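Below is one structure, written out as structure tokens; comments come after it.
Numbering (my numbering), first residue to last: 338 to 465.
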């Protein structure tokens with residue numbers, strides 16, 4: 338799978354769908370994103386400061402990218418389980434089986450049902 342696009346739902350206020358695309362241009366990457374709000378009114382509230390508000394995060398991304406190495410191979414952590422495939426699938430897709438084990442210590446997971454959507458929260462920070 339080529340790393341071309343990420344689509345996510347921002348589920349806390351203001352609610353929106355973010356689509357980020359990644360395009361190679363002369364050995365560099367152009368990152369473009371679009372925010373789709375529930376209403377034009379909600380968009381009008383956010384538009385005046387959205388671009389400026391995102392600059393600090395993107396500024397923090399640059400040094401991270403400088404220190405990272407690239408590879409053509411995907412990053413995979415294999416793990417085997419002594420259980421039938423159907424049971425492992427249920428542990429990932431059924432609420433009552435997933436909630437006891439998913440997430441980091443001190444974090445919490447919220448179930449939204451199928452199709453599977455992950456929302457990881459730790460403290461007051463939400464990762465969608």
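The C-beta atom is built at its ideal place from N, Cα and C for all residues, glycine as well.
Computed from a prediction, not measured in an experiment: that's the story for all the values here.
For residue i, three-class secondary structure by DSSP
i: residue 343; result: strand
i: residue 418; result: coil
i: residue 393; result: helix
i: residue 350; result: coil
i: residue 378; result: helix
i: residue 438; result: coil
Whether residue i touches residue j by CB criterion (7 Å)
i: residue 434; j: residue 427; result: yes
i: residue 345; j: residue 359; result: no
i: residue 363; j: residue 343; result: no
Rounded C-alpha distance that separates residue i from residue j
i: residue 352; j: residue 385; result: 16 Å
i: residue 365; j: residue 402; result: 12 Å
i: residue 431; j: residue 437; result: 11 Å
i: residue 380; j: residue 439; result: 34 Å
i: residue 390; j: residue 408; result: 31 Å
i: residue 406; j: residue 397; result: 17 Å
i: residue 354; j: residue 404; result: 30 Å
i: residue 341; j: residue 372; result: 17 Å
i: residue 387; j: residue 395; result: 13 Å
i: residue 370; j: residue 350; result: 19 Å
i: residue 378; j: residue 339; result: 35 Å
i: residue 419; j: residue 429; result: 15 Å
i: residue 383; j: residue 421; result: 48 Å
i: residue 374; j: residue 392; result: 20 Å
i: residue 462; j: residue 348; result: Bear in mind that the predicted position of residue 462 carries a pLDDT of just 46, short of 50, making it too unreliable to give a figure here.
Residues bridged to residue i (per DSSP)
i: residue 367; result: 360
i: residue 355; result: 345, 372
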